[in-house]
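Numbers in the numbering used here are just positions in the sequence shown, counted from 1, shifted up by 82. Below is one structure, written out as structure tokens; comments come after it.
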Amino acid sequence: MSDQEIKELLNISQVTLWRWTTKLGFPKPIPGMKGRRPYAEFMAWAKERGMV
Numbered sequence: 083m084s085d086q087e088i089k090e091l092l093n094i095s096q097v098t099l100w101r102w103t104t105k106l107g108f109p110k111p112i113p114g115m116k117g118r119r120p121y122a123e124f125m126a127w128a129k130e131r132g133m134v
């Protein structure tokens with residue numbers, strides 16, 4: 083899932099996405115695929131927090 087799709091889905095900024103990744107354990111980007119994150123890990127993280 084792309085960072086752009088995540089930002090639009092959750093209505094957050096790039097700064098918020100960066101903060102969540104560094105401080106709240108949001109899934110890190112896939113190595114070698116800039117701006118793409120694992121869909122299953124993203125969904126698990128978001129469901130755990132009641133975001134989706």
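Yeah, the Cβ is synthetic: ideal placement off N, Cα and C, and Gly gets one too.
From the DSSP output, which residues share a beta bridge with Arg118?
Ser84
Compare the beta carbon distance of Phe124 and Ile94 with 8 Å and say whether it is the shorter of the two.
no
Neighbour-count burial assignment, Arg131, 16 or more Cβ in a 10 Å radius
exposed
Beta-carbon within less than 6 Å of Trp102's beta-carbon, same chain only, minus the 5 sequence neighbours each way: which residues are those?
Phe108
Output the boundary residues of the alpha helix (DSSP H) element that contains Leu99.
Gln96 to Lys105
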